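Residue numbers (our numbering): 141 to 434.
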DNA sequence: AGACACCTGTAT
DNA sequence: ATACAGGTGTCT
């Protein structure tokens, strides 16, 4: 699914489509995928809203909508494994022309109230979530932004922070530790695999044993990795596309993810596969040794 | 920390 | 037919 670099790429590619546009009545093909924890708000309230801002927090997109005479609305998008948010232009001729697994259609009007394009939400596996609420009531969002850690590309994501968090999760394997969204908001399995390899840290190493040097290295490698991945438009393994339906190409630069059994790009030894916390993790037993004192 | 649940599509 | 996939939430 979209991890931080993919969500950021979707955000950047969607931005130009939202300029000078107004939402028309949404077409909800699958109720239940879009929900609202605030009884006073209905899907039809989106009608007439204009886009005020599109931001990202971890793997979430936050779309702020404004309508004169009303409090702003926030539409929160999480892509799960196969969620896609696409801009179709020109709009499909009719409902039957929509891509499969389209669950929501948001028509966009220009200043003359002509439909110029439509935004669609599609999600094959339906693990994604759409939530809308009053923008000043994010406290109503139960599953929410509650415990998201710092942005890995922000100022608060520091070696000291990593070390502090690591001590709170003594026995947790590093792979699971980094997947925890309260540690690095937006990290997912691909970038955890890659980051641990770059930093030469075993995915099995208990977080509590993370050294200061390792935290320093990891912090730096995560920043560089995510920055490079965004520059490449993210990783398209299967379903992920940007707002224009384009694939990313960072998958061409993956060093270990999905490469179990192949030679390590650093030392040539065979990359091994582990299941850690229910997720497959690929690492090099030579470059990422554990126990450290081999 | 691990198992399982939520879903569908694809590969073997 | 079975295993597996960019995630996350709940239950042992």
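Every residue gets a Cβ at the ideal spot worked out from N, C-alpha and C, and that includes glycine.
As the structure is a computational prediction, the values presented were derived from the model and not from experiment.
Using only alpha-carbon positions, find the residue among the options that is nearest to residue i.
i: residue 188; options: 177, 161, 196 and 178; result: 161
i: residue 148; options: 181, 182 and 198; result: 198
i: residue 242; options: 252, 330, 228 and 250; result: 228
i: residue 435; options: 259, 272, 339 and 239; result: Outside the displayed range of the chain (141 to 434) lies residue 435, so it cannot be described from this structure.
i: residue 239; options: 194, 273, 424 and 264; result: 264
i: residue 370; options: 361, 388 and 176; result: 388
i: residue 298; options: 427, 367, 332 and 360; result: 360
i: residue 311; options: 417, 423, 321 and 340; result: 417
i: residue 397; options: 365, 207, 333 and 375; result: 333
i: residue 195; options: 429, 172 and 158; result: 158
i: residue 328; options: 421, 183 and 266; result: 421
What separation, rounded to the nearest whole angstrom, lies between the Cα atoms of residue i and residue j?
i: residue 164; j: residue 246; result: 7 Å
i: residue 431; j: residue 412; result: 16 Å
i: residue 400; j: residue 394; result: 12 Å
i: residue 178; j: residue 275; result: 11 Å
i: residue 414; j: residue 344; result: 9 Å
i: residue 352; j: residue 303; result: 7 Å
i: residue 314; j: residue 180; result: 43 Å
i: residue 231; j: residue 151; result: 20 Å
i: residue 406; j: residue 384; result: 36 Å
i: residue 256; j: residue 223; result: 23 Å
i: residue 363; j: residue 233; result: 43 Å
i: residue 279; j: residue 176; result: 12 Å
i: residue 220; j: residue 409; result: 34 Å
i: residue 350; j: residue 306; result: 7 Å
i: residue 272; j: residue 184; result: 12 Å
i: residue 330; j: residue 358; result: 15 Å
i: residue 268; j: residue 429; result: 36 Å
i: residue 169; j: residue 235; result: 10 Å
My guess is that residue i and residue j are in contact by the Cβ rule of under 8 Å, so how many angstroms apart are they, rounded?
i: residue 190; j: residue 201; result: Wrong, their Cβ atoms sit about 17 Å apart, outside the cutoff.
i: residue 355; j: residue 309; result: The pair is not a contact, with the Cβ atoms about 13 Å apart (cut-off 8 Å).
i: residue 319; j: residue 419; result: 7 Å
i: residue 214; j: residue 270; result: Going by Cβ atoms, the distance from residue 214 to residue 270 rounds to 11 Å, so no, they are not a contact pair.
i: residue 336; j: residue 365; result: Rounded, the Cβ-Cβ distance is 10 Å, inconsistent with contact.
Using a Cβ-Cβ cutoff of less than 7 Å, which residues in the same chain neighbour residue i once the five nearest sequence positions on both sides are dropped?
i: residue 377; result: 391
i: residue 193; result: 204
i: residue 323; result: 289, 305 and 317
i: residue 154; result: 194, 225, 227 and 383
I'd like the list of long-range same chain contacts for residue i, defined as Cβ closer than 6 Å, with 5 residues on each side in sequence excluded.
i: residue 186; result: 163 and 166
i: residue 380; result: 142 and 146
i: residue 442; result: Missing from the structure shown is residue 442; the chain here goes from 141 to 434 and no further.
i: residue 425; result: 412
i: residue 402; result: 411
Quick one: what's got a C-beta closer than 8 Å to residue i's C-beta in the same chain, skipping five residues either side?
i: residue 325; result: 144, 197, 198, 199, 288, 289, 290, 291 and 292
i: residue 434; result: Reliability of the predicted coordinates at residue 434 is poor, the pLDDT of 36 falling under 50, and the value obtained from them is presented with this limitation in mind. Around residue 434: no qualifying Cβ.
i: residue 281; result: 177, 216, 271 and 273
Measuring from the CB of residue i, is there a heavy atom of the ligand FAD at a distance below 7 Å?
i: residue 224; result: Ligands in the displayed structure: none, and consequently the ligand FAD is not present.
Handout entry: Unbroken stretches of the alpha helix (DSSP H), 4 residues or longer, contained in the stretch 342 to 375
Key = The qualifying runs are 352 to 371.
Exercise for the section: Mind listing, in chain order, the continuous beta strand (DSSP E) runs of no fewer than 3 residues lying wholly within the stretch 250 to 313? Expected result: Given a length threshold of 3 residues, each whole run of the beta strand (DSSP E) inside the stretch 250 to 313 is given here in chain order: 255 to 263 and 269 to 274.
Handout entry: Ordered list of alpha helix (DSSP H) runs contained in the stretch 390 to 414, each at least 4 residues
Key = DSSP runs (the alpha helix (DSSP H)) wholly in the stretch 390 to 414: none.
Exercise for the section: Entirely within the stretch 146 to 226 and at least 3 residues each: give me those beta strand (DSSP E) ranges in chain order. Expected result: The DSSP assignment places complete beta strand (DSSP E) segments of no fewer than 3 residues inside the stretch 146 to 226 at 190 to 197, 200 to 206 and 213 to 218, in order along the chain.
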